[in-house]
Structure formats: structure tokens, C-alpha cells
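Letter by letter, the sequence shown follows residues 51 to 519 in UniProt numbering.
All residues carry an ideal CB built from backbone N, CA and C; glycine is no exception.
In this text the structure is predicted, and so the values were computed from the model without any measurement.
Working notes for the structure below.
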Amino acid sequence: PVNVKKICCIGAGYVGGPTCAVIALKCPHIQVTIVDLNQARIDAWNSPDYALPIYEPGLVDVVRVARGRNLFFSTSIDVAVQEADLIFVSVNTPTKKSGVGAGFAADLNYVESATRHIAAVATSSKIVVEKSTVPMRTAESMRTILEANSKPGLRFDILSNPEFLAEGTAIDDLFAPDRVLIGSLQTPEGKSACQSLTNVYANWVPVDRILTVGVWSSELSKLAANAMLAQRISSINALSAICEATGANIEEVAHAVGRDTRVGPKFLRASVGFGGSCFQKDILNLVYLSESLHLPEVAAYWRQVVTLNEYQKRRFSKRVVDTLFNTITNKNIAVLGFAFKADTGDTRESPAITLIRDFLSERAHVTVYDPQVEVSQIWFDLSEALPDVPLEQIKKQVTIANTALSAAQNSEAVVVATEWKEFRDIDWRAVYDTMKKPAFVFDGRMILDRDALREIGFEVMTIGRGDQL
Ligand code: NAD
Ligand code: UDX
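Structural data, given as C-alpha cells:
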């Protein structure tokens, strides 16, 4: 195996940044350079006051130790690629917006251009690691591109090494992963490349947690893991609808079901719906794959996980309207939380966006508060969600507040869209005093103390409880 001394990571995003920062921290003998086309992003990673481009608990501490020691952020992609023994490709793979497979298939344009870039500038053999989540057989396409475009005599070994970190807990997940998965060709060269990467992780991950498999199994396992996690949420959310219709309590049901060790207690929190850049994208990718393989029943099975999630979001916004006496026109709705989950500033596929879009189409006035999301990001996301409405019009209907309390002022309803811990600790009595009456709280994340709120005088509605209002 190659003794890896220099690593380059292409893509300084939510995955490439934290993943390779942790590799640098744990492997002081390896020089790690994270490169990106986006100058502003690289500048933020390099900012003297550590105003990093992504918010992730614990990340700053890692960067403080390693940056300038053996961790570097740069837009000089060519140099970093030329010097590296091993290159992670960690670029974005969003759902295609047009062309064949639009709305389902992954857009591989960024992976392909990063691969072509490696082929064009490499002057020595490399191990190229697919870190992005990709459709099956992408490793094969990367190999073909590299071999067809590189200088003669160079060797490229392609590995699949999907990332399982969750945002908000990325650093803990990277420090102590449930497993690291490495897929390679089962040839002597493939196995040797696999060993080289295993040796990097073995600096801090117990070897029994490093799983080595065939490259296609590795690619499929990533899609499968996300599909099965999302499926658990859609299952519990489907049951929450039954609870609301019958008077059962979804938390009691989830607890009772989760106590079966075969099911397990985690990831059974009913919610307003899952968001994030991965679940929907990866399931649609699996749906597309199944259809391409002429497996329509399999495709329909996985598609239903996304369909149910859409239903859950719509069902929630309809309940808000129904409860507020069937109209929210000109009413003030405070939305607490805009990120897709707590402890991140990421808003990709956030359920808050769907809820606000629904409220705006009912001609409500919405005030949003999120402790981490940038104001410009909120305007960007709402413009994208409402392509036919000019931003000036959106700005007439939406206000962005600096605190939860000011967001709630004068509103008829507060909607909790993200499970930020600070929403539990708000002075809810002060919130109540500033609101119109009756004052409604819709807890889309089941984080609030319902009884305490009722004591104050709120009308409270949560997910998966039948005995509402
Ligand atoms: P991201 O959009 O945050 O980051 C990708 C970065 O790649 C961007 O900064 C972009 O400028 C850069 N880039 C694109 N093409 C490039 C090129 N040719 N050269 C240099 N830089 C280039 O995306 P992300 O959230 O980090 O996701 C990356 C991949 O990891 C995706 O495939 C995603 O599915 C997967 N993944 C994401 C998560 C997550 O929690 N976000 C978890 C596991 C896996
Ligand atoms: C997910 C996977 O967990 C991770 O392994 C993979 O690498 C990337 O995709 P992420 O999207 O960052 O991670 O966060 P995750 O914690 O999985 O939450 C996704 C969404 O599901 C969030 O909107 C979250 O609020 C929601 N969720 C999660 C629920 O509604 N209920 C739950 O019980 C758990």
C-alpha cells in the first residue's frame, strides 16, 4: 500500500470541510489541503477570526488546532492535486433539474469536472476516493475518464468511501463513527489502495469499525442507509396521522415500538417532516436507479417514503389553517426555526420553507427567527420556493426577526419548525403577553412542554396527539 503523506480534498463543503479537518487533526503526519472553486468559501475557512462558512458544533476547535499546521484551505486546485497521494472528491451531487432523469437522478456534472480536472493536471499516480454520494457505478465512470485523459504511465485506483456524518453532530460522528466503509475493486491493486485508506482512518478509528467491501456494495450501502433512515421517519409520521385521528399518543407508540431491540429506539421522532440535503435526494436517486433497472415495484416502494414526507408537511400547514378558524389571510404567523434541523445553519430542503410557502399562499404575514441561518439565505430560499413571486412582494409578507420573542410579537400563532434547544427555554409567558388571543402554539418538533404552555393560557397543538385543543 501507498504510505499516504499528502491528501487533497476537492470540495470544501459540509462534508469535505469537517471530514478532512478531522483527518488533519488525527493525523498530524499527513498534510491535508482542502480546495474549492468558490473563493468566498475558502476565504471564510481561512478567516483569521474563524468565521467558518458552515456552523457545526466543535468544528472551530478542530480547525484552530490543525489550520496552518497540516491543514490548508486553498483555491489552487492544480498544485494540491499534483502533490497529493490520495484525493477525496467531495463535491455536491444535487438532484438534476432538467434533462433525462430530471427531478430524480443525481447531477454528476460536478463529480465529472473534478475528475477531469484531476486527469488534466496529475503528474503522478493517485488514489482517487469517491466521498460524494453518487449513483451506483460512478466509480467506473471516474476510472474511464481518468484513464482516457491522463498522461501515459499514470495509475489511478478508485475507492468508494461514503460519508455517514449527520449535520449538527458531524464532529462527534467523525471522531467516533459507527463504521467507516471503504469499497474497492477486489483485485490486488484495488485491495492495496483500500489498505492505504484504511491506514489513514486507523489513526483513530478501531479497525473492527472499518468495513471493506466491493465498490458497488459500498455505493449502494450509502443510498440504502439514508433510504432506511428516512423510511423510519416516514413510518412514524404515517402513524402520527393515525394518532391524531384516534387519540393515541405518538410518543408513547414510538417508545413502545422502539423498546423492541429489533426495532431500536433511535430515529423515531415524529416531526413536521424530514429535510436536509441528503434524504430526499438519495431516495430519489434510488428510485431512479430502480426504474432504470426495470424494477417498478421497488421504485414505487421507495418513492412512497418521499410522498409521505410531502404529505406530512402539507398536513401540518393545513392543520394550522384549519385551527386558526379556517383562514390565516392577513394574520401574523411566527415561524421559529428555518434550518432543516437543530445545530446547523443549513436550510437545504428544510420543512420550514414548505410551511412558509404554504402560509404565504394563504396570504398570511410571516415572521421568521432562526439562531444560525443567515438573513440572505432565508431570502434566497423563499425566492426559490416561490419562483413566480417577485422578492419585493415576498418581503412585504415576510419579516426576519432577531429573537424568538420579537418574532412572536403581535402574532396569532407561533409555529416551531426546527428543534433548536433554545426554543424550550424561551420566556413563554412573555411570548403569551405579546400575542393576540387566543394565542396558538403549533409544535412541529414536539420539543415544548405542552402542559406548561396550557397553564400559561396557550392553545397548543403538537404532532401525533389526538386530544388536541
Ligand atoms: P456542498 O455543496 O456543501 O459542498 C460541495 C463543494 O464542492 C462546494 O463548495 C462547491 O463549490 C465545490 N465544488 C463543486 N465542484 C467543484 C470542482 N470541480 N472543483 C472544486 N470544488 C468544487 O456539499 P456537501 O453537503 O458537502 O455534500 C457533498 C457530497 O457529500 C454530496 O454528494 C452529498 O450527497 C454527500 N453527503 C453529504 C452529507 C451532508 O450531511 N451534507 C452527508 C453525507 C454525504
Ligand atoms: C443524514 C443521515 O443521518 C447521515 O447519516 C447522512 O450522512 C446524511 O443524511 P442529516 O440530513 O445531516 O444526516 O441529519 P439527520 O439527523 O439524519 O436528520 C435529517 C432530517 O430528519 C432532519 O430534518 C431531522 O429533523 C429529521 N428527523 C430526524 C426527524 O424528523 N425525526 C427523527 O427521528 C430524526
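CB contact flag (A392, K471, <8 Å): What you label residue 392 is simply residue 342 of the sequence shown in a count that begins at 1. What you label residue 471 is simply residue 421 of the sequence shown in a count that begins at 1. Contact flag set, yes.
Selection from G507, S246 and R500 that minimises the alpha carbon distance to K56: As a working note, residue 56 is residue 6 in the sequence shown. Residue S246 is the option with its Cα nearest to K56.
Proximity to S321 [Cα-Cα], best of Y361, V337 and A295: Start at 1 with the first residue of the sequence shown, and residue 321 comes out as number 271. Ranking Y361, V337 and A295 by Cα distance to S321 puts Y361 first.
Sub-8 Å separation of T165 and P212 beta-carbons: Residue mapping note: residue 165 aligns to position 115 of the sequence shown, counting from 1. Residue mapping note: residue 212 aligns to position 162 of the sequence shown, counting from 1. No.
Nearest-angstrom beta carbon gap, N335 and L273 [assumed within contact, 8 Å]: Indexing the sequence shown from 1 puts residue 273 at position 223. Indexing the sequence shown from 1 puts residue 335 at position 285. L273 to N335, Cβ: 6 Å. Contact.
Same chain, Cβ closer than 6 Å to Y419, five either side skipped, listed in chain order: For this step, residue 419 is matched to residue 369 along the sequence shown. Within the same chain, Y419 has close Cβ partners L386, A451, A454 and A457.
Any non-hydrogen atom of the ligand UDX within 7 Å of F138 CB: Numbered from its first residue, the sequence shown carries residue 138 at position 88. Checking the Cβ of F138 against the ligand UDX gives no.
Boundaries (first-last residue) of the alpha helix (DSSP H) holding A463: Translated into positions along the sequence shown, residue 463 becomes position 413. Per DSSP, A463 belongs to no alpha helix (DSSP H); it is in the beta strand (DSSP E), A463 to V466.
Simplified DSSP assignment, three categories, for E505: Counted from its first residue, the sequence shown places residue 505 at position 455. Correct three-state label for E505: helix.
beta-carbon V65 near the ligand NAD non-hydrogen atom, thresh 7 Å: The residue given as residue 65 occupies position 15 in the sequence shown. For the ligand NAD, at least one heavy atom lies less than 7 Å from the Cβ of V65.
Integer Cβ distance of G67 from I84, believed to fall under 8 Å: Residue mapping note: residue 67 aligns to position 17 of the sequence shown, counting from 1. Residue mapping note: residue 84 aligns to position 34 of the sequence shown, counting from 1. So it is a contact: roughly 6 Å between Cβ atoms.
Best match in A226, V131 and T248 for proximity to V52 [C-alpha to C-alpha]: For the purposes of this step, residue 52 is taken as the residue at position 2 of the sequence shown. Checking every option, the nearest Cα to that of V52 belongs to T248.
Beta-bridge pairing of I177 - partner residues as DSSP gives them: The residue you call residue 177 lines up with position 127 of the sequence shown. The partner list for I177 (beta bridge, DSSP) reads L136 and D207.
Beta bridge counterpart(s) of F329 as assigned by DSSP: Here residue 329 is taken as the residue at index 279 of the sequence shown, counted from 1. Per DSSP, none; premise fails for F329.
R229: CB within 7 Å of a non-hydrogen atom of the ligand NAD: Looking up residue 229 in the sequence shown gives position 179. Distances from the CB of R229 to the heavy atoms of the ligand NAD are all 7 Å or more.
Distance cut-off 7 Å: N211 Cβ against heavy atoms of the ligand UDX: Here the question's residue 211 lines up with position 161 in the sequence shown. Within the chosen limit of 7 Å, the ligand UDX does not reach the beta carbon of N211 with any heavy atom.
Coarse secondary structure for L455, derived from DSSP in three states: Numbered from its first residue, the sequence shown carries residue 455 at position 405. In the three-state DSSP reduction, L455 falls in the helix class (H, G or I).
Nonlocal neighbours in the same chain, by C-beta distance under 6 Å from I73, ignoring five residues either side: As a first step, residue 73 is located in the sequence shown; it is residue number 23 there, counting from the start. Once the five neighbours on either side are set aside, the close Cβ partners of I73 are V82.
Residues sharing a beta bridge with S57, DSSP: The residue given as residue 57 occupies position 7 in the sequence shown. Here residue 57 is Ile; the residue named in the question, Ser, does not match the sequence. Paired residue(s): V82 and L136.
Contained alpha helix (DSSP H) runs [length at least 4] in the region 233-277, N- to C-terminal order: Counting whole runs of 4 or more residues, the region 233-277 contains the alpha helix (DSSP H) stretches 238-251.
Identity of the residue in S285, I168, R114 and P103 nearest S126 by Cα: Here residue 126 refers to the residue found at position 76 when the sequence shown is read from its first residue. The candidate whose alpha carbon is nearest that of S126 is I168.
Heavy atom of the ligand UDX within 7 Å of E190 beta-carbon: For this step, residue 190 is matched to residue 140 along the sequence shown. Every heavy atom of the ligand UDX is 7 Å or more from the Cβ of E190, so no.
Which listed residue (R259, I208, F225 and S242) has its alpha carbon closest to that of L231: The count along the sequence shown starts at 1 and reaches residue 231 at position 181. Of the candidates R259, I208, F225 and S242, the one whose C-alpha sits nearest the C-alpha of L231 is R259.
Cβ pair E180, S210 closer than 8 Å: Taking the sequence shown and counting its residues from 1, one reaches residue 180 at position 130. Taking the sequence shown and counting its residues from 1, one reaches residue 210 at position 160. In this structure, S210 lies closer than 8 Å to E180 by Cβ.
Cut-off 6 Å between Cβ atoms - residues of its own chain near P315, not counting five sequence neighbours on either side: Taking the sequence shown and counting its residues from 1, one reaches residue 315 at position 265. Here the set comprises G308.
Sequence-distant residues of the same chain with beta carbon closer than 8 Å to V115, five excluded per side: Along the sequence shown, one-based indexing puts residue 115 at 65. Correct list, in chain order: L75.
Cβ-based neighbour list, Q89, same chain, cut-off 8 Å, excluding 5 preceding and 5 following: Translated into the one-based positions of the sequence shown, residue 89 becomes position 39. Excluding residues within five positions, the ones whose Cβ falls inside 8 Å are T125.
Range of the contiguous beta strand (DSSP E) that encloses L158: Taking the first residue of the sequence shown as position 1, residue 158 is located at position 108. Where L158 is concerned, there is no enclosing beta strand (DSSP E), given that its DSSP letter is neither H nor E.
Closer than 7 Å: T87 CB and nearest the ligand NAD heavy atom: Within the sequence shown, numbered from 1, the residue matching residue 87 stands at position 37. Reading off the sequence shown, one finds Leu at residue 87, where the question assumed Thr. Relative to the ligand NAD, the nearest heavy atom lies less than 7 Å away from the CB of L87.
F138 beta carbon less than 8 Å from that of I208: Position 158 of the sequence shown, counted from the start, is the residue given in the question as residue 208. Position 88 of the sequence shown, counted from the start, is the residue given in the question as residue 138. Result no, Cβ atoms of I208 and F138 do not sit closer than 8 Å.
For review: beta carbons within less than 5 Å of any heavy atom in the ligand UDX: F214, A216, E217, I283, F317, R319, S321, F324, G325, G326, C328, F390 and K391
S426 in three-state terms, based on DSSP: Translated into the one-based positions of the sequence shown, residue 426 becomes position 376. Reduced to three states, the DSSP call for S426 is helix.
S342 versus R353: straight-line alpha-carbon distance, rounded: Walking along the sequence shown from the start, residue 342 turns up at place 292. Walking along the sequence shown from the start, residue 353 turns up at place 303. Computed Cα separation, rounded: 14 Å.
Inter-residue Cα distance where the pair is M485 and Y100: As a working mapping, residue 485 is identified with position 435 in the sequence shown. As a working mapping, residue 100 is identified with position 50 in the sequence shown. When rounded, the distance between both Cα atoms is 39 Å.
beta-carbon G233 near the ligand NAD non-hydrogen atom, thresh 7 Å: On the sequence shown, position 183 is the one that residue 233 refers to. Because no heavy atom of the ligand NAD lies under 7 Å away, the Cβ of G233 does not count as near it: no.
Neighbourhood of G325 by C-beta, 6 Å cutoff - its chain only, sequence neighbours within 5 removed: Working through the sequence shown from its first residue, we reach residue 325 at position 275. Only F390, E399, S400 and P401 meet the Cβ criterion.
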